[in-house]
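Sequence lines, in order, name chains A and B. According to the numbering used here, the first sequence is numbered sequentially starting from 216. According to the numbering used here, the second sequence is numbered sequentially starting from -18. Glycine included, each C-beta is placed from N, C-alpha and C at the ideal position. Keep in mind it's a predicted model, so treat the numbers as computed, not measured. To start, the structure itself, in structure tokens.
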Amino acid sequence: NAGVTQTPKFQVLKTGQSMTLQCAQDMNHNSMYWYRQDPGMGLRLIYYSASEGTTDKGEVPNGYNVSRLNKREFSLRLESAAPSQTSVYFCASRGQPNQPQHFGDGTRLSIL
Amino acid sequence: QKEVEQNSGPLSVPEGAIASLNCTYSDRGSQSFFWYRQYSGKSPELIMFIYSNGDKEDGRFTAQLNKASQYVSLLIRDSQPSDSATYLCAGLGGAAGNKLTFGGGTRVLVKP
């Protein structure tokens, strides 16, 4: 059971570089989410997609863009990475309303 | 004021004792609540969710919801060292709509 798959698991970037974090789910879920987790800050929502074809900003969207490529895939792009974006990034998905979210294993991103 | 509040801990519990975790929320429109466990360096995993006032039991875990007082709690009976982790409380609904709002988490340490 793959569930939610994130790639890569680790990445080191230099300031100003760009990259895309990939997320795919095989549970036929409608909603997908991107979070970042920093020490002492808990999980903060960056962007989410309630259904295929829609995306909305979360709590901390600045510096990020997203694409809901299809029902399975939801990518997060950093156009010009900054040290403040060093964090652990989690993708999650959910099926029906009132159902729990399922998380991927995370991407640990360091920006020098 | 955060919408979902948790004591960051650490909550130190002797092995075999009951660990009691509390979570308060400010949005009265929140309808569902979720408890996730997160081991260090890992992704959050769902323990329980609760929609209705009262208690819900699953094995050694009991979730309690009191909508009038706006608090959610998690009891862990017969605590084991493997229960040592950070526990995240999350609310769904209300002003946040289709998104989960997470508390900062409570770190639990179970000492043999």
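Exercise. Within this structure, are the beta carbons of tyrosine 6 (chain B) and glutamine 51 (chain B) separated by less than 7 Å?
Worked result: Contact flag set, yes.
Problem set entry | Neighbourhood of serine 282 (chain A) by C-beta, 6 Å cutoff - its chain only, sequence neighbours within 5 removed | Taken in chain order, the residues that qualify are Ser290.
Problem set entry | Delimiting residues of the beta strand (DSSP E) encompassing proline -5 (chain B) | Looking at the DSSP string, the run of the beta strand (DSSP E) that includes proline -5 (chain B) is -8 to -5.
Exercise. In chain B, which residues lie with their C-beta within 9 Å of the C-beta of alanine 296 (chain A)?
Worked result: For a Cβ distance threshold of 9 Å, nothing in chain B lies close to alanine 296 (chain A): the least Cβ distance comes to about 22 Å.
Exercise. When the cut-off is 7 Å and only beta carbons count, does phenylalanine 83 (chain B) lie next to chain C?
Worked result: Reference to chain C is not applicable here, since the protein chains of this structure are A and B.
Exercise. Which one of A:Met242, A:Thr269 and A:Gly321 has the shortest CA to CA distance from serine 21 (chain B)?
Worked result: Of A:Met242, A:Thr269 and A:Gly321, the residue nearest in Cα terms is A:Gly321.
Problem set entry | Beta carbon proximity, phenylalanine 42 (chain B) to chain A, threshold 7 Å | Not a single CB atom of chain A sits nearer than 7 Å to the CB of phenylalanine 42 (chain B).
Exercise. What's the C-alpha gap between leucine 90 (chain B) and isoleucine 57 (chain B)?
Worked result: Here the alpha carbons of isoleucine 57 (chain B) and leucine 90 (chain B) stand approximately 12 Å from one another.
Problem set entry | Close Cβ partners of aspartate 271 (chain A) (< 8 Å) along its chain, the five nearest in sequence each way excluded | Excluding positions up to five away in sequence, the list reads Tyr262, Tyr263, Ser264 and Ala265.
Problem set entry | aspartate 64 (chain B) - DSSP class collapsed to helix/strand/coil | Under the three-state reduction of DSSP output, aspartate 64 (chain B) falls in the helix class.
Problem set entry | Three-state class that DSSP yields for glycine 310 (chain A) in the structure shown | Glycine 310 (chain A) falls in the coil class under three-state DSSP.
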